[in-house]
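Chains A and B supply the protein sequences, listed in that same order.
Under our numbering, the first residue of the first sequence is numbered 1, with each subsequent residue one higher.
Under our numbering, the first residue of the second sequence is numbered 405, with each subsequent residue one higher.
Backbone N, C-alpha and C fix where the C-beta goes; we use that ideal spot for every residue, glycine too.
Everything below concerns the one structure shown next.
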Amino acid sequence: MTEQHIKLAEESLEKQTTTINVGPTHPATHGVFQNIMEIDGERVLSTVPTIGYIHRAFEKIAERRPYYQITPLTDRLNYCSAPINNIGWHLTIEKLVGIDIPKRVQYLRVIIMELARIADHLVCNSVIAVDTGALTPFTYVFQWREKIYEIYEEICGSRLTTNIGRIGGFERNFSEVAWKKIHDFVEGFPKMLEEFEALLTRNRIFMDRCIGAGPISAERALNYSFTGPNLRASGVDYDVRVHSPYSSYDDFEFSIPVGATGDVYDRYLVRNKEMWESVSIINQALGKLKDHDPSVYHADAPDFYLPEKAAVYTKMEALIYHFKIIMGETDLPAGEVYHSVEGANGEVGYYLISDGGRSPYRLHFRRPCFIYYQAFPELVSGGLLSDAIVTLSSLNVIAGELDA
Amino acid sequence: MTNEEIKKSLSEKFPMLADWDEQYGLLSFRSGADKGLEVLQYLFHNLGFQFLTDLTAVHYPEKAGEELCVVYHLHNLVENVRIKMKIFVPVAKPDVFSATSVFAGANWMERETYDFFGVNFVGHPDLKRILNVDDMDYFPMRKEYPMEDPTRTDKDDEMFGRG
Chain A
1 MTEQHIKLAE ESLEKQTTTI NVGPTHPATH GVFQNIMEID GERVLSTVPT
51 IGYIHRAFEK IAERRPYYQI TPLTDRLNYC SAPINNIGWH LTIEKLVGID
101 IPKRVQYLRV IIMELARIAD HLVCNSVIAV DTGALTPFTY VFQWREKIYE
151 IYEEICGSRL TTNIGRIGGF ERNFSEVAWK KIHDFVEGFP KMLEEFEALL
201 TRNRIFMDRC IGAGPISAER ALNYSFTGPN LRASGVDYDV RVHSPYSSYD
251 DFEFSIPVGA TGDVYDRYLV RNKEMWESVS IINQALGKLK DHDPSVYHAD
301 APDFYLPEKA AVYTKMEALI YHFKIIMGET DLPAGEVYHS VEGANGEVGY
351 YLISDGGRSP YRLHFRRPCF IYYQAFPELV SGGLLSDAIV TLSSLNVIAG
401 ELDA
Chain B
405 MTNEEIKKSL SEKFPMLADW DEQYGLLSFR SGADKGLEVL QYLFHNLGFQ
455 FLTDLTAVHY PEKAGEELCV VYHLHNLVEN VRIKMKIFVP VAKPDVFSAT
505 SVFAGANWME RETYDFFGVN FVGHPDLKRI LNVDDMDYFP MRKEYPMEDP
555 TRTDKDDEMF GRG
């Protein structure tokens, strides 16, 4: 496999360049993926990525499971921002079936998705710093990521792979403790983010490492089907929340941060600004929620949403619906739908073909990490090895989303 | 640019396009494998669909002669319109053009489709398996292969309550 890019100098018997193996288990590859690099001194001549170490056959498994059992699979795609994947999947089903979601539920979903986006960007930005040698911001930031985990735990019981929400809304209303945690988070987070920025954004060493490393032009990025912060860092303001609004994102006012050269520094700045925008969106949502009935936390969709337990024990219809949903006897309408949401890494798409049965006929996940990681050889060829490492972490490649 | 205008423009240039459908607002059509690259290039250069959202395949074992369906999701970012193109090929000779000449992003998407369905993309620079092991000799997403790996010899059914 490496033979194709081993270059022998004229009339030379031995290889002039070095082949090194970065990964699959390596502190700099955050996840399990391998790069076989050909380097000449410190300069990277070419690299061949190998992926598939964490391939778990989600698309095949999904053909065997009823629809609500596929949500835990979507958790494990981009596991740093699992709620976005969960809610995206529920939105896909709701689009297929045609369920109307109440406004309050949509705003609650927006809060959860923006918290997940903050969590993912915190990881990515602090890890860019770790790869340049700055370990302190990482420790500050993970305290706050822990607070986001606590919010998820209050709402759905899990911290990382959340399986949050149901088809039609949420499994329970947000408790007083959850609201307190959300308010405490939005109050304390801006100060921490300012501290984080003060450590890194105008830091001489960080700027020298990151500016000019792994740039990509807007034309090449679009041709490679980049989406998300990596595309926005190159100057293209494509954001699924604005272009195909879902879950009432068009009720909110937020801007799309855009970079210029698409290098590591631009990606860092775009993600940083997106975190500020996410905090603003959460605050707007908290304000908008006051105008809605606080007891509403799911849609009226008895075919898909489990009835109240008290009703199951007393009413016949509730008992029948409960049985049908748990035993997977609910058939979904036949049809083909493609729905996408703005994940932390880009456009996460769900291409669902239903044949009218209890499981999908075909489910395909459009995974942004998989699609933009193929540009990695082009980003690092010709640059230094240390630039390649920082570029790899700035792309925010999550192995779960890479391999599915 | 509405779906009707796109359909009109495509049908005038390529009259053999068929199966026009518009589910949930997404215009969809099917093309023959021979004309597929021309249609893709027309969509790219003339209609502005310069973003390849997704490329995947579906296996319909009951459709004899056209079991494998390669699906292209394209997006015109300027006008914010999406479109879906399908190409059906038989499983006996699953040859389709490679979209890598138009979209650099189609490279790994086609490798993944080859890996799981066995679709042969003619003109792909490096068509080999991407997510599965290199020495796998079957295509796992095809409907005839069960979810559990039947080639596995080390799993003892007795221990799993199936002996």
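**Asked** Roughly how many whole angstroms lie between the Cα atoms of SER359/A and TYR67/A?
**Response** Counting from one through the first sequence, the residue named residue 359/A turns up at place 359. Counting from one through the first sequence, the residue named residue 67/A turns up at place 67. Those two C-alpha atoms are separated by around 6 Å.
**Asked** Does the beta-carbon of MET551/B have 16 or more other beta-carbons within 10 angstroms, so that it is buried, or is it exposed?
**Response** Reading the second sequence from its first residue, position 147 is the one you call residue 551/B. By the 10 Å Cβ count, MET551/B comes out exposed.
**Request:** Identify every run of the beta strand (DSSP E) within the segment 15–76 of chain A, keeping only runs that are complete inside it and at least 3 residues long; order them along the chain.
**Result:** Fully enclosed beta strand (DSSP E) runs of 3 or longer: 18–22, 34–40 and 43–50.
**Request:** Note down, in chain order, each residue of its chain lying with its Cβ closer than 6 Å to the Cβ of HIS243/A, except the 5 sequence neighbours on either side.
**Result:** Within the first sequence, residue 243/A is the residue found at index 243, counting from 1. Taken in chain order, the list of residues that qualify is empty.
**Request:** Quick one: give me the first and last residue of the beta strand (DSSP E) that ASP499/B is part of.
**Result:** Residue 499/B sits at position 95 when you count from the first residue of the second sequence. Its beta strand (DSSP E) spans residues 499–501.
**CA-to-CA distance, ASP239/A to LEU363/A, given in whole angstroms** = Translated into the one-based positions of the first sequence, residue 363/A becomes position 363. Translated into the one-based positions of the first sequence, residue 239/A becomes position 239. Rounded to the nearest whole angstrom, the C-alpha separation of LEU363/A and ASP239/A is 23 Å.
**Asked** Can you find a CB in chain B that lies within less than 8 Å of the CB of VAL337/A?
**Response** Residue mapping note: residue 337/A aligns to position 337 of the first sequence, counting from 1. Yes - at least one Cβ of chain B is within 8 Å of the one on VAL337/A.
**Asked** Does any CB atom of chain A fall closer than 8 Å to the CB of GLY452/B?
**Response** As a working note, residue 452/B is residue 48 in the second sequence. GLY452/B does not count as touching chain A.
**Through-space distance from GLY168/A to LEU91/A, alpha-carbon basis** = The residue labelled residue 91/A in the question sits at position 91 within the first sequence. The residue labelled residue 168/A in the question sits at position 168 within the first sequence. Approximately 8 Å, taken between the alpha carbons.
**Message:** Using C-beta distances below 6 Å, list every residue in its chain close to ALA116/A, excluding the 5 sequence neighbours before and after it, in chain order.
**Reply:** Mapped onto the first sequence, residue 116/A falls at position 116. These residues qualify, in order along the chain: SER81, PRO83 and ILE84.
**chain B contact for ASP403/A (CB, 8 Å cutoff)** = Numbered from 1 along the first sequence, position 403 holds the residue referred to as residue 403/A. Yes, its Cβ sits closer than 8 Å to a Cβ of chain B.
**Request:** Could you pull the start and end residues of the beta strand (DSSP E) that HIS339/A belongs to?
**Result:** Here residue 339/A is taken as the residue at index 339 of the first sequence, counted from 1. That run of the beta strand (DSSP E) goes 335–342.
**Request:** Would you mind giving the Cβ-Cβ distance between ALA334/A and GLY356/A, rounded to the nearest angstrom? I have them listed as a contact below 8 Å.
**Result:** The sequence position of residue 334/A within the first sequence is 334, counting from 1. The sequence position of residue 356/A within the first sequence is 356, counting from 1. Between GLY356/A and ALA334/A the Cβ distance is about 4 Å, and since that is below 8 Å, they are a contact.
**Request:** Mind listing the chain B neighbours of HIS292/A? Cutoff is C-beta to C-beta under 7 Å, in chain order.
**Result:** Here residue 292/A refers to the residue found at position 292 when the first sequence is read from its first residue. Contact of HIS292/A with chain B by beta-carbon distance below 7 Å is absent, the smallest such distance being about 27 Å.
**Message:** For GLU548/B, tell me which candidate among ARG434/B, SER413/B and GLU471/B has the shortest Cα-Cα distance.
**Reply:** By 1-based counting over the second sequence, the position of residue 548/B is 144. Residue GLU471/B holds the alpha-carbon nearest to the alpha-carbon of GLU548/B among ARG434/B, SER413/B and GLU471/B.
**Item:** From SER278/A, ASN230/A, ASP403/A and ARG109/A, residue whose alpha carbon lies closest to that of TYR246/A
**Value:** On the first sequence, position 246 is the one that residue 246/A refers to. When only C-alpha atoms are compared, the closest one is ARG109/A.
**Request:** Using three-state DSSP, classify MET1/A as helix, strand or coil.
**Result:** Looking up residue 1/A in the first sequence gives position 1. Model confidence at MET1/A stands at a pLDDT of 46, short of 50, so the residue's coordinates are unreliable and nothing is read from them.
**Request:** Kindly indicate the opening and closing residues of the beta strand (DSSP E) around PHE365/A.
**Result:** As a working mapping, residue 365/A is identified with position 365 in the first sequence. Element bounds for PHE365/A: 362–366.
**Item:** With 16 other Cβ atoms within 10 Å as the buried cut-off, status of ILE51/A
**Value:** Position 51 of the first sequence, counted from the start, is the residue given in the question as residue 51/A. Under a 10 Å Cβ-count criterion, ILE51/A is classified as buried, with 16 or more other Cβ atoms of the shown protein chains found around its own Cβ.
**Asked** Taking the DSSP output, what are the residues bridged to LYS467/B?
**Response** Taking the second sequence and counting its residues from 1, the one referred to as residue 467/B is at position 63. DSSP lists no beta-bridge partner residue for LYS467/B.
**Of the listed residues SER393/A, GLU401/A and ASP403/A, nearest to HIS26/A (C-alpha basis)** = The residue you call residue 26/A lines up with position 26 of the first sequence. Ranking the options by Cα distance to HIS26/A, first place goes to SER393/A.
**Request:** Give the secondary structure of ARG267/A by DSSP, where H, G and I count as helix, E and B as strand, and everything else as coil.
**Result:** Mapped onto the first sequence, residue 267/A falls at position 267. It is helical.
**Item:** Candidates PRO24/A, PHE33/A and LYS15/A, of which the one nearest ASP40/A by Cα
**Value:** For the purposes of this step, residue 40/A is identified with residue 40 of the first sequence, where counting begins at 1. Out of PRO24/A, PHE33/A and LYS15/A, LYS15/A has the C-alpha closest to the C-alpha of ASP40/A.
**Request:** Ignore the nearest five residues each way along the sequence and tell me which others in GLY88/A's own chain have a CB closer than 6 Å to its CB.
**Result:** Here residue 88/A is taken as the residue at index 88 of the first sequence, counted from 1. For GLY88/A, where only same-chain residues beyond five positions count, the Cβ hits under 6 Å are VAL341 and VAL348.
**Item:** 4 or more residues per run - each alpha helix (DSSP H) lying fully within the segment 83–156 of chain A
**Value:** Counting only runs of 4 or more, we get 103–132 and 136–156.
**Request:** Counting only the same chain and skipping the five closest in sequence on each side, list residues whose C-beta sits under 6 Å from that of MET1/A.
**Result:** Taking the first sequence and counting its residues from 1, the one referred to as residue 1/A is at position 1. Note that MET1/A scores a pLDDT of 46, beneath 50, so its modelled location is shaky; the value from the coordinates is reported in the next line. Cβ within range, chain order: n/a, list empty.
**Message:** Please classify SER278/A as buried or exposed, where buried requires at least 16 neighbouring CB atoms within 10 angstroms.
**Reply:** Residue 278/A sits at position 278 when you count from the first residue of the first sequence. Buried, since its Cβ has 16 or more Cβ neighbours within 10 Å.
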